[in-house]
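Colleague: This is the structure I have questions about; it appears just below.
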Amino acid sequence: MPKLESITQGAVPMVEMWRGDRLESVHQGHAVVMRANGEVVESWGRPEVVIYPRSSCKMVQALPLLESGAGAGLSAKQLALACASHQASALHVGMVTRWLADLGLSDDDLRCGAAPPGDIAERDRLICAHAKPCQSHHECSGKHSGFLTVNAHLRGGPDYVDPDHPVQRAVRDAFEGATGQTSAGYGIDGCSAPNFATELQGLGLAMARFASAREGVGDGRAQAMARLRDAMMAHPDMVAGETKACTNLMRAAEGRAAVKTGAEAVFVAILPEKKLGIALKIIDGGIRASEAAMTGLLRRYGVIAPDHPVILLLLQNPKVLVCYDAEVI
Numbered sequence: 004m005p006k007l008e009s010i011t012q013g014a015v016p017m018v019e020m021w022r023g024d025r026l027e028s029v030h031q032g033h034a035v036v037m038r039a040n041g042e043v044v045e046s047w048g049r050p051e052v053v054i055y056p057r058s059s060c061k062m063v064q065a066l067p068l069l070e071s072g073a074g075a076g077l078s079a080k081q082l083a084l085a086c087a088s089h090q091a092s093a094l095h096v097g098m099v100t101r102w103l104a105d106l107g108l109s110d111d112d113l114r115c116g117a118a119p120p121g122d123i124a125e126r127d128r129l130i131c132a133h134a135k136p137c138q139s140h141h142e143c144s145g146k147h148s149g150f151l152t153v154n155a156h157l158r159g160g161p162d163y164v165d166p167d168h169p170v171q172r173a174v175r176d177a178f179e180g181a182t183g184q185t186s187a188g189y190g191i192d193g194c195s196a197p198n199f200a201t202e203l204q205g206l207g208l209a210m211a212r213f214a215s216a217r218e219g220v221g222d223g224r225a226q227a228m229a230r231l232r233d234a235m236m237a238h239p240d241m242v243a244g245e246t247k248a249c250t251n252l253m254r255a256a257e258g259r260a261a262v263k264t265g266a267e268a269v270f271v272a273i274l275p276e277k278k279l280g281i282a283l284k285i286i287d288g289g290i291r292a293s294e295a296a297m298t299g300l301l302r303r304y305g306v307i308a309p310d311h312p313v314i315l316l317l318l319q320n321p322k323v324l325v326c327y328d329a330e331v332i
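Position 75 (the sequence shown) corresponds to 78 in my numbering; numbering is contiguous.
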């Protein structure tokens, strides 16, 4: 078996953590800013590094939901939830439950597994009721509700997370089409679904294509991209939740960006006004660094005001130096 290229190769310092006048830690990574024609606008590290996008690519995984026609009647909130890594607040769990009921299904039909809620109020409610979390509490249950919607349309079997299942074949086709690359393979994500590998610049290209898409214009994929992107920006609370970086950054951007984080410090952004896509990966998996790096890039490209409170929220003590901004916050 050929040796895989190390993700550390060519990585550059992207975020430094300072306390007073002393450097405490450094996070290295890779980042790229792309146009839909494949142009690399800026890059740090190696844009050709191969990564698993993890949950940062949920909007790509949701493309078959609209391209197949299965999700034609879904609301914008449901589309945003299909792209979400949510906190399992009552808002999120309630919508998943209703969505499944509309399909004639239940929590038992999900294949994401049960997980404790990130939302404190829902966590406390379960504790007080001596109840266990269910699969609808999993942060990926919105994505899986989308998978089940596609599955009902395709009349597939119940194991829709199998890489050879028609749902996942459709997801892979959409993923490779959006990234412009044949995937190097897949790993099984934390929600049991396959996660397809791509170069970081392939992920950035997909985000640029989402940024350039316009609803009602172009082919079915472009229109699906526009609907999903606009749903995320219209309902940032559905995509993550209160106190979460994705929700706070989209609120701060006020319709100028859709953003999505993924496990192991992957982060992407879609900038419709500028028709740019951004993808970054911090190689140590540090979420605090990926959030800081994306905040710095959104500020760099003018979609968040430099004095917006979210800047202080995500780049607070210890002081953070986002290396491509060359400025200590």
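Glycine included, every Cβ here is placed at the ideal spot set by N, Cα and C.
Computed from a prediction, not measured in an experiment: that's the story for all the values here.
1. If you run the structure through DSSP and keep just helix, strand and coil, what is Ile54?
2. In the DSSP assignment, find the unbroken alpha helix (DSSP H) run with Gly223 in it and report its ends.
3. Among His311, Arg49, Leu151, which has the Cα closest to the Cα of Ala14?
4. Anyone know if the C-beta pair for Ala155 and Ala73 falls short of 9 angstroms?
5. Return the residue from the list Arg114, Leu113, His140, Cys115 that minimises the CA-CA distance to Arg126.
6. Sort Ala124, His89, Ser59 by Cα distance to Ser148 and report the nearest one.
7. Using the C-alpha atoms, what's the distance from Val53 back to Gln12?
8. Between the Cα of Ile123 and the Cα atoms of Arg303, Lys80, Lys263, Ala93, which residue gives the shortest distance?
9. Using a Cβ-Cβ cutoff of less than 7 angstroms, which residues in the same chain neighbour Ala329 once the five nearest sequence positions on both sides are dropped?
10. So the alpha helix (DSSP H) Ile290 belongs to, where does it begin and stop?
11. Under a three-way DSSP split, which group does His141 fall into?
12. What's the call for Ile285, buried or exposed, on a 16-neighbour Cβ count within 10 Å?
13. Arg25 to Glu294, Cα distance in whole Å?
14. Going by the beta-carbon positions, is the gap between Leu231 and Leu69 smaller than 9 angstroms?
15. How would you write the range of the alpha helix (DSSP H) that Pro16 sits in, first residue to last?
16. Taking Phe213 as the reference, give the member of Ala234, Asn198, Ala196 with the closest Cα.
17. Kindly indicate which three-state DSSP category Ile307 falls into: helix, strand or coil?
18. Considering Gly265, what are the terminal residues of the beta strand (DSSP E) in which it resides?
19. Using CA coordinates, which residue listed in Glu276, Ala187, Thr182 is at the minimum distance from Met62?
Modeller: This is what the structure gives:
1. Reading the sequence shown from its first residue, position 51 is the one you call residue 54. Correct three-state label for Ile54: strand.
2. Stepping through the sequence shown from its first residue, residue 223 is reached at position 220. Unbroken alpha helix (DSSP H) run through Gly223: 223-237.
3. Locating residue 14 in the sequence shown gives position 11, where the first residue counts as 1. Of the listed residues, the one whose Cα sits closest to Ala14 is Arg49.
4. Residue 155 sits at position 152 when you count from the first residue of the sequence shown. Residue 73 sits at position 70 when you count from the first residue of the sequence shown. Yes, Cβ-Cβ distance for Ala155 and Ala73 is below 9 angstroms.
5. Working through the sequence shown from its first residue, we reach residue 126 at position 123. The residue with the shortest Cα to Cα distance from Arg126 is His140.
6. As a working note, residue 148 is residue 145 in the sequence shown. Closest option to Ser148, Cα to Cα, is His89.
7. Start at 1 with the first residue of the sequence shown, and residue 12 comes out as number 9. Start at 1 with the first residue of the sequence shown, and residue 53 comes out as number 50. Near 11 angstroms, if we compare the C-alpha coordinates of Val53 and Gln12.
8. In the sequence shown, the residue the question calls residue 123 occupies position 120. Comparing Cα-Cα distances from Ile123 to each of Arg303, Lys80, Lys263, Ala93, the minimum goes to Ala93.
9. For the purposes of this step, residue 329 is taken as residue 326 along the sequence shown, with counting starting at 1. Reliability of the predicted coordinates at Ala329 is poor, the pLDDT of 48 falling under 50, and the value obtained from them is presented with this limitation in mind. If we look at Ala329 and ignore the five residues flanking it on each side, it has no Cβ neighbours.
10. For the purposes of this step, residue 290 is taken as residue 287 along the sequence shown, with counting starting at 1. Per DSSP, the unbroken alpha helix (DSSP H) holding Ile290 starts and ends at 290-303.
11. Residue numbering aside, residue 141 sits at position 138 when the sequence shown is read from its first letter. Coil, per DSSP.
12. In the sequence shown, residue 285 corresponds to position 282, counting from 1. So Ile285 ends up on the buried side.
13. Locating residue 25 in the sequence shown gives position 22, where the first residue counts as 1. Locating residue 294 in the sequence shown gives position 291, where the first residue counts as 1. Arg25 and Glu294: Cα-Cα distance of roughly 22 angstroms.
14. Within the sequence shown, residue 231 is the residue found at index 228, counting from 1. Within the sequence shown, residue 69 is the residue found at index 66, counting from 1. Yes.
15. Against the sequence shown, residue 16 aligns to sequence position 13. Looking at the DSSP string, Pro16 is not in any alpha helix (DSSP H); the run it does join, the beta strand (DSSP E), is 15-22.
16. Position 210 of the sequence shown, counted from the start, is the residue given in the question as residue 213. Taking only the C-alpha atoms, the option nearest Phe213 is Ala234.
17. Here residue 307 refers to the residue found at position 304 of the sequence shown. Coil, per DSSP.
18. Indexing the sequence shown from 1 puts residue 265 at position 262. Gly265: member of the beta strand (DSSP E) spanning 261-265, first to last residue.
19. Translated into positions along the sequence shown, residue 62 becomes position 59. The candidate whose alpha carbon is nearest that of Met62 is Thr182.
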